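**Student:**
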DNA sequence: TATACATCCTGTAGTGGCTACAGAAACAAG
DNA sequence: CTTGTTTCTGTAGCCACTACAGGATGTATA
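Protein chains in written order, with our numbering: chain A, 613 to 743; chain B, 613 to 743.
1. If contact is defined by three or more beta carbon pairs under 8 Å, each pair taking one atom from either stretch, is the segment 704-711 of chain B in contact with the segment 696-711 of chain A?
2. Cα-Cα, which of A:663, A:648, A:683 and A:669 is closest to residue 721 of chain B?
3. Is it buried or exposed, residue 656 of chain A, if we count other Cβ atoms within 10 angstroms and call 16 or more buried?
4. Which partner residues does residue 651 of chain B have in the DSSP bridge list?
5. Give the DSSP bridge partners of residue 614 of chain B, in chain order.
6. Hey, is residue 654 of chain A's beta-carbon within less than 7 Å of any beta-carbon in chain B?
7. Show which residues of chain B have a CB atom less than 7 Å away from the CB atom of residue 707 of chain A.
8. Considering only C-alpha positions, which residue in the set A:642, A:700, A:634 and A:638 is nearest to residue 562 of chain A?
9. Looking at the structure shown, is residue 662 of chain A part of a helix, part of a strand, or coil, going by DSSP?
10. Give the single residue among B:680, B:632 and B:703 whose Cα lies nearest to the Cα of residue 693 of chain B.
11. Starting from residue 628 of chain B, follow the alpha helix (DSSP H) in both directions and report where the run begins and ends.
12. Say whether chain A places a C-beta atom closer than 7 Å to the C-beta of residue 669 of chain B.
13. Mind checking residue 702 of chain A: buried by the 16 CB within 10 Å criterion, or exposed?
14. Applying the criterion that 16 or more other CB atoms from any shown protein chain within 10 Å of the CB defines a buried residue, is residue 649 of chain B buried or exposed?
15. Give a yes or no on whether 7 Å exceeds the smallest Cβ distance from residue 639 of chain B to chain A.
16. Determine whether the Cβ of residue 644 of chain A lies closer than 7 Å to any Cβ atom of chain B.
17. Do you know offhand how far residue 640 of chain B's Cα is from residue 675 of chain B's?
18. Looking at the structure shown, is residue 695 of chain A part of a helix, part of a strand, or coil, going by DSSP?
19. For a contact meaning CB atoms closer than 9 Å, what does residue 674 of chain B contact in chain A?
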């Protein structure tokens, strides 16, 4: 049992963001103390960690909601769950392959630009003439 | 010499975005025809290509502006440009490694969901305990 | 020339995912 | 009881666009 401030410290997610997640339907509506303040449990720390990492990986809140639904409805049919997971997997693999291209391009750029002047620097060329 | 519509078609950047870039100070204020319409030259196609690719690589507009400023002052050292690229590279590599973990977990989950129950899936754990 | 329609202009508002603040209420410490 | 912290709701701002509205101007066809 903890306050929104304690949850915020534990999870590293801003208080305002926690309230925003509730408003956006990503977190369930928090239980309230008699004085009206939100009360959280340990499971919310886990949920927030999950949301944070998923967001860092580029998942939109809609997708995060879908993934959380998997966790919170273990009675969901295997077929539906598998389809949802497959869709996420496809999204992840697409992101992965594009990121790999970007990484290689950035590596090339950094290599091509070692202690020269901008005149000799290939970063700008690389960005202008990429395709 | 071309209109904003022609530039848009050539560059693949929406008209509204081109005007937004001007407003945001990323593109220089366009020369105007006597009737008040914006007039562009071939160099603007290059600038837009540059901006587009930089954005695709995850550079923020602030960074794009910095890179464009470097381009206009070629007597400066390349250090700043390569630092920007290195920062991008680090961010991309961090995302890559975490995405790889997630992909493996999703693959595992899809496999597990074939014959088991959602409750056995560990994707949530993978995302929750990721660091 | 008249009409139709495309293109452009400025300005404003909406989007997602936060983040920041204002003003009020409640709580905790001295 | 005062002071300071925490929380509440509600609203506004941020970035990087995107989507209009409403008006001016341009071009093609009858």
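The beta carbon of each residue, even a glycine, is placed where N, CA and C say it ideally should be. Here the structure is a predicted model, which is why all the values come from computation and not from measurement.
**Tutor:** By the coordinates alone:
1. Three or more Cβ pairs drawn from the segment 696-711 of chain A and the segment 704-711 of chain B lie within less than 8 Å of each other, which places the two stretches in contact.
2. Here residue 721 of chain B refers to the residue found at position 109 of the second chain. Of the listed residues, the one whose Cα sits closest to residue 721 of chain B is A:683.
3. For the purposes of this step, residue 656 of chain A is taken as residue 44 along the first chain, with counting starting at 1. The residue in question, residue 656 of chain A, is buried, as its Cβ has 16 or more Cβ neighbours within 10 Å.
4. Reading the second chain from its first residue, position 39 is the one you call residue 651 of chain B. For residue 651 of chain B, which the question treats as bridged, DSSP gives the partners B:643.
5. If you number the second chain from 1, residue 614 of chain B lands on position 2. DSSP output for residue 614 of chain B lists B:652 as bridge partner(s).
6. Stepping through the first chain from its first residue, residue 654 of chain A is reached at position 42. No, residue 654 of chain A lies away from the interface with chain B (no Cβ there is under 7 Å from its Cβ).
7. Numbered from its first residue, the first chain carries residue 707 of chain A at position 95. Ordered by position in chain B, the residues that pass the 7 Å Cβ test against residue 707 of chain A are 711.
8. Nothing in the structure corresponds to residue 562 of chain A, since chain A is present only between 613 and 743.
9. Working through the first chain from its first residue, we reach residue 662 of chain A at position 50. Residue state, collapsed to three classes: helix.
10. Here the question's residue 693 of chain B lines up with position 81 in the second chain. Nearest option by C-alpha distance: B:680.
11. As a working mapping, residue 628 of chain B is identified with position 16 in the second chain. Here the alpha helix (DSSP H) through residue 628 of chain B covers 627-635.
12. Counting from 1 along the second chain, the entry for residue 669 of chain B is found at position 57. Yes, contact with chain A.
13. Taking the first chain and counting its residues from 1, the one referred to as residue 702 of chain A is at position 90. The residue is exposed, with fewer than 16 neighbouring Cβ atoms inside 10 Å.
14. As a first step, residue 649 of chain B must be located in the second chain, where it is residue number 37. Exposed, by the Cβ-count rule.
15. Residue mapping note: residue 639 of chain B aligns to position 27 of the second chain, counting from 1. No, residue 639 of chain B does not count as interfacial toward chain A.
16. Counting from 1 along the first chain, the entry for residue 644 of chain A is found at position 32. No - not a single Cβ of chain B is within 7 Å of the one on residue 644 of chain A.
17. Position 28 of the second chain, counted from the first residue, corresponds to residue 640 of chain B. Position 63 of the second chain, counted from the first residue, corresponds to residue 675 of chain B. Cα to Cα, residue 640 of chain B sits roughly 16 Å from residue 675 of chain B.
18. The residue you call residue 695 of chain A lines up with position 83 of the first chain. Note: residue 695 of chain A maps to helix in three-state DSSP.
19. For the purposes of this step, residue 674 of chain B is taken as the residue at position 62 of the second chain. What residue 674 of chain B touches in chain A: nothing, since even the nearest Cβ is about 15 Å away.
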